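Numbering (our numbering), first residue to last: 1 to 324.
Note that CB positions come from ideal geometry on N, CA and C, so glycine has one too.
Every value quoted in this text rests on a predicted model; they were computed, and no experiment measured them.
Structure (structure tokens):
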């Protein structure tokens, strides 16, 4: 199939375009949010091709993958066809609801022209989807090329925009863990974090927007992985860390409760418990190895790329067949 989708979430899209289809990724001269084109910090296969808005009007498209409400109008304008009416459409919801949770209405609620697909069961449960048909396809990842070594007495965090997002990403909790072992924070928009928290460079270091493969190599050298998000969908960086073989210390919130088994890490809503767990794993490398080995075993089975792509193939085939 020729599948149109925008480059919105780099890690998720990286997994998605590893399928057997031809993926049409819009590109605009400014490479803005609706025309990023192919990724430059992730490795994508050749079957993900850039297309301009002008080219889309002359291109056969079998299915549209939508990820933002405004893409409905954009796709209709660029294709000359209306998603959901003139060709099949699937809307992918990556995020937890915001606003009046759990009564937040999804932008695609009460539609009969598309399938609303969530990336976690928690998201499907907490969004008010109305009468729209829903499905869940859990994450799958391209396996990182490195494995945990944990030789550094440091803790790793991967998060985006922790300065701007604050309590959502658990930024306010970081100093308590930095008192146990130095933190390395990886992701986009992490510059300025030490100043924001008043932490010296020897307690918190930031690594802004590293290429994915390099980031994986650096994260794997840290003793344990911290997941401090209060309210978020299941981060792919958490799954990647577990697949590398890292033990996890995480807030027991949203989908993390279901994704991280008790013998792969420590989850709690009591921050004191998590701080002590971080201290334990930082000081006991053997224990960190045992928990990380279990984490790797679980994620390879549950969040494998083959399962992810097979689930998506089934859903896409069902939607295209139903529209014929």
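Hey, out of the options, whose CA is closest to residue i's CA?
i: residue 17; options: 9, 33 and 48; result: 48
i: residue 330; options: 152, 218 and 179; result: No statement about residue 330 is possible, as the shown extent of the chain runs from 1 to 324 and does not include it.
i: residue 56; options: 42, 44, 68 and 76; result: 76
i: residue 12; options: 128, 306 and 94; result: 94
i: residue 243; options: 79, 174 and 143; result: 143
i: residue 228; options: 209, 253, 241 and 25; result: 253
i: residue 307; options: 140, 198, 259 and 206; result: 140
i: residue 1; options: 63, 256 and 40; result: 63
i: residue 87; options: 103, 158, 61 and 282; result: 61
i: residue 91; options: 99, 124 and 173; result: 124
i: residue 115; options: 145, 181, 213 and 83; result: 83
i: residue 3; options: 268, 59, 41 and 33; result: 59
i: residue 41; options: 134, 208 and 23; result: 208
i: residue 213; options: 34, 262 and 237; result: 237
i: residue 202; options: 103, 210 and 182; result: 182
i: residue 317; options: 65, 217, 29 and 282; result: 65
i: residue 39; options: 67, 277, 211 and 122; result: 211
i: residue 298; options: 282, 241 and 324; result: 241
i: residue 120; options: 271, 259 and 146; result: 259
i: residue 36; options: 44, 27 and 43; result: 27
i: residue 14; options: 21, 31 and 44; result: 44
i: residue 269; options: 122, 282 and 251; result: 251
i: residue 216; options: 32, 145 and 261; result: 145
i: residue 109; options: 99, 323 and 130; result: 130
i: residue 50; options: 281, 68, 23 and 69; result: 23
Between residue i and the rest of its own chain, which residues show a CB-CB distance below 6 Å, the 5 nearest in sequence each way excluded?
i: residue 309; result: 19
i: residue 105; result: 128
i: residue 194; result: 204
i: residue 156; result: 184, 219, 222 and 225
i: residue 53; result: 78
i: residue 21; result: 1 and 3
i: residue 277; result: 249 and 266
i: residue 158; result: 186, 187 and 237
Suppose the cutoff is 7 Å on Cβ atoms and the five residues either side in sequence are ignored; what does the same chain contact list for residue i look like?
i: residue 292; result: 148, 245, 246 and 247
i: residue 111; result: 132
i: residue 196; result: 163
i: residue 160; result: 187, 188 and 189
i: residue 71; result: 6
i: residue 9; result: 94
i: residue 199; result: 175 and 178
i: residue 85; result: 113
i: residue 191; result: 206 and 208
i: residue 103; result: 128
i: residue 327; result: In the structure displayed, the chain extends from 1 to 324; residue 327 sits before or after that span and is not available.
i: residue 271; result: 173 and 176
i: residue 295; result: 242, 245, 246, 247, 248, 264 and 265
i: residue 74; result: 34
Residue i and residue j look like a contact to me (Cβ under 8 Å); what is the Cβ gap, rounded to whole Å?
i: residue 184; j: residue 154; result: 6 Å
i: residue 101; j: residue 118; result: Not quite, the Cβ-Cβ distance comes to about 15 Å (not below 8 Å), so this is no contact.
i: residue 97; j: residue 126; result: 5 Å
i: residue 267; j: residue 256; result: 6 Å
Which same chain residues, not among the five before or five after residue i, have their C-beta less than 8 Å away from its C-beta?
i: residue 312; result: 16, 19 and 137
i: residue 331; result: Here the chain comprises residues numbered 1 to 324, so residue 331 is not present and cannot be evaluated.
i: residue 80; result: 57
i: residue 315; result: 90, 115, 117, 135 and 137
i: residue 239; result: 139, 141, 259, 299 and 303
i: residue 31; result: 37
i: residue 68; result: 6 and 8
Using a Cβ cut-off of 8 Å (strictly closer), state whether residue i contacts chain B.
i: residue 121; result: Considering every chain present, this structure includes no chain B. It has just one protein chain.
Do three or more CB pairs link the stretch 298–314 to the stretch 270–289 at distances below 8 Å? no
3-residue-minimum beta strand (DSSP E) runs that sit fully inside the stretch 59–122, ordered along the chain: 63–66, 89–93 and 115–118
At a cut of 8 Å, does the stretch 221–239 reach the stretch 168–176 through at least three beta carbon pairs? yes
Whole runs of the beta strand (DSSP E) within the stretch 264–306, excluding any shorter than 3 residues: 265–268
Only counting runs of 3 or more residues, tell me where the beta strand (DSSP E) segments fall wholly within the stretch 121–190, in order along the chain. 134–136, 152–158 and 183–187
What are the uninterrupted segments assigned as alpha helix (DSSP H) that are 4 or more residues long and contained completely in the stretch 184–241, given in chain order? 193–197 and 212–219
Pick out the complete alpha helix (DSSP H) segments inside the stretch 17–64, 4 residues or longer, and give them in chain order. 53–56
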